[in-house]
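Worksheet for the structure shown next.
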Amino acid sequence: MGGRLRSVITGLKARTVAWPVILVVGALASAVALVLARAFGPDFDFFDLRIYHKAVSYWLDGHDIYDYWQSDPVNVRLGYTYPPAAAVLMAPMATLPVAVAAWITAGATALAGFACVWICLRAAQPRVPANAWQLSWAALITIAAFQTQPLVQTLAYGQVNVYLALLVLVDAFVLMPRRSKWTGVGVGLAMAIKLTPGIFLLFFLVNKQWRAMITAAITGAAVTVLAACVAPTETWRYFTDLIFSSDRVGFLDDTMNQSINGLLARASAPEAPSRLMWLLLSAVVLVIGVIRARNAARAGDQLFAVTMIGIVGLLVSPASWIHHAVWVVPALVLLVCWLVDAARRRTGPLWRVAGAVVLLAGGVFAWIVDSRQLLDIQDQDPRGWAYVIASSAQVLWLVAAVVLLPVRPAAVDVGVGR
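Numbering-wise, the sequence shown is residues 18 to 435 according to the numbering used here.
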């Protein structure tokens with residue numbers, strides 16, 4: 018039996034795959050992932066997408082999009098919080114019934130998720146030609162990934178997180194390895210849609226890709242200026258006032274907020290968290306994460322570098338909801354790949370292997386199991402320090418990942434599909 022299995026694996030590894038096959042398998046895997054997420058995940062009420070749809074429709078009717086708000090049982094009221102460029106890109110959605118727009122978004126999210134997984138796997142094995150074995154794993158990981166809390170919530174809410182991750186990954190593993198003059202456009206566009214992807218300028222920094230950094234900054238600025246031509250009043254209001262109003266996204270002490278600031282807010286509730294403590298802790302995490310990303314980039318593990326920057330971005334942001342944490346998926350893939358390598362080679366310090374095992378086990382609990390439901394954690398229900406720690410399982414895992422996530426050195430980085 019073992020010999021037959023090895024023969025099948027060898028055959029799959031020897032069989033290269035063309036892009037049409039990748040697209041077909043990706044579409045099938047995405048469909049299965051969507052069906053399973055719908056069947057076993059949270060209710061697909063597309064709550065956030067419905068806000069986008071109503072806010073954009075309100076805007077197209079001649080009103081200021083940032084004046085739109087609706088009542089919310091948890092956050093009292095919620096409105097549109099993205100930059101005007103995102104509103105311009107979302108405008109076509111208002112021409113469709115909200116249910117149609119929602120399911121188109123869900124399907125596109127699942128396909129984008131497969132693309133992210135495929136790029137990550139190709140980055141994890143950069144010198145291996147695209148083969149049927151990799152494609153099989155990409156399909157299985159896509160199905161599994163959309164059962165994790167960040168991705169299944171992204172689907173259920175109709176969020177944009179997977180699209181932003183895909184833009185970053187295309188920059189990092191499709192354009193940058195080819196020394197394309199367009200490297201940076203993905204990060205720049207993501208920055209224009211949502212401010213937080215600006216953290217990935219640090220990925221270009223640790224790789225000394227100065228042109229890509231400039232391209233990203235120019236792209237973000239250019240898209241924002243173009244949006245300002247369409248919505249000048251909204252653009253001025255957003256960048257001179259609303260950008261500083263973190264309370265517009267919800268209460269910071271909400272247990273869905275898994276950033277350092279969220280942990281501090283829960284610990285200090287009902288008082289406001291210490292801004293100085295948040296800045297100090299964020300600075301420490303930022304320095305450690307950037308140093309580790311730089312060392313990984315020098316060792317050839319660019320997947321670690323971009324994942325580490327993504328994790329740091331989640332931690333230092335004022336608010337990082339669980340559905341923002343899509344960078345957990347490549348982190349878990351890295352952990353599994355590193356442990357498989359360690360078992361195969363039987364090398365590596367015991368403490369490092371133990372750290373990776375603990376981190377993987379903790380990741381399963383924090384991100385795959387619905388720990389909020391398991392521990393009966395409500396959005397806002399302070400019960401003392403034990404509850405603060407239990408409701409911060411994800412942010413504690415992210416901090417541990419900054420320190421313990423292992424690097425997989427690679428001799429050469431090549432582009433996806435080469």
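Quick reminder that beta carbons are idealized off the backbone N, C-alpha and C, glycines included.
Only a predicted model underlies this, so the values are computations on that prediction, with no experimental measurement involved.
- Annotation note: the stretch 277 to 336 contains the following uninterrupted alpha helix (DSSP H) runs of length 4 or greater, listed N- to C-terminal: 277 to 285, 292 to 316, 319 to 333.
- Counting along the chain, D65 sits inside the alpha helix (DSSP H) bounded by residues 64 to 77.
- Residue burial is scored here from C-beta neighbours: I339 has at least 16 other C-beta atoms within 10 angstroms and is therefore classed as buried.
- Counting only residues of its own chain and dropping the five nearest sequence neighbours on each side, D81 has a CB closer than 8 Å to the CB of T250, E251, R254.
- For Q170, same chain residues with a beta-carbon under 7 Å away, outside a window of 5 residues either side, are P59, I339, H340 in chain order.
- For S408, the CB contacts under 7 Å within the same chain, skipping 5 residues up- and downstream, are T272, R283, I394 in chain order.
- At the C-beta level, Y75 and Y85 come within 8 Å of one another.
- For V38, the uninterrupted alpha helix (DSSP H) segment begins and ends at 36 to 57.
- Annotation: the continuous alpha helix (DSSP H) that includes Y180 extends over 178 to 187.
- Distance from the CA of A35 to the CA of A289, rounded to the nearest whole angstrom, comes to 55 Å.
- Counting C-beta atoms within 10 angstroms of its own C-beta, S262 has fewer than 16 neighbours from the protein chains shown and is therefore classed as exposed.
- For a cut-off of 8 Å, the C-beta gap from T236 to V202 is around 5 Å, short enough to register as a contact.
- Between V323 and F163, the C-beta gap is not smaller than 8 Å, which leaves the two residues out of contact.
- Taken through DSSP and simplified to helix, strand or coil, W344 comes out as coil.
- Excluding five sequence positions before and after L356, the CB atoms of its chain that fall closer than 6 Å to its own CB belong to A373, given in chain order.
- Rounded to whole angstroms, F131 and V346 show a C-alpha spacing of 12 Å.
- Boundaries of the alpha helix (DSSP H) harbouring I210: 202 to 210, taken from the DSSP string.
- By alpha-carbon distance to A244, the top candidate from M107, Q390, G317 is M107.
- Rounded to the nearest angstrom, the gap between the Cα atoms of I136 and R425 is 16 Å.
- Relative to F57, the option among F217, I39, T165, G317 whose CA is nearest is T165.
- Annotation: I121 to A54 spans about 15 Å, alpha carbon to alpha carbon.
- The residue among L51, L281, P146, A417 with its C-alpha nearest the C-alpha of L296 is L281.
- Just so you know, the alpha carbons of T200 and A313 end up roughly 20 Å apart.
- Sequence-distant partners of L320 (beyond 5 residues in either direction) whose C-beta falls short of 7 Å from its own C-beta, in its chain, are C137, A140, A141, P347, L351.
- In the three-state reduction of the DSSP assignment, L113 falls in the coil class.
- The three-state reading of DSSP puts G96 in strand, counting E and B together.
- The C-beta distance from A418 to L376 rounds to 6 Å, short enough to fall under 8 Å.
- Taking C-alpha positions only, A248 is separated from A116 by approximately 27 Å.
- In the three-state reduction of the DSSP assignment, T165 falls in the coil class.
- Taking the Cα positions, A360 is about 32 Å away from L128.
- A direct Cα-Cα distance of roughly 21 Å separates R228 from L181.
- Counting only residues of its own chain and dropping the five nearest sequence neighbours on each side, V179 has a CB closer than 8 Å to the CB of T126, A129, G130, C133, L168, T171, V343.
- Excluding five sequence positions before and after G43, the CB atoms of its chain that fall closer than 8 Å to its own CB belong to L128, F131, A132, W135, A155, A156, T159, given in chain order.
- Here the alpha carbons of L298 and V38 stand approximately 47 Å from one another.
- A Cβ-Cβ contact shorter than 8 Å links P146 with T33.
- The three-state reading of DSSP puts Q170 in helix, counting H, G and I together.
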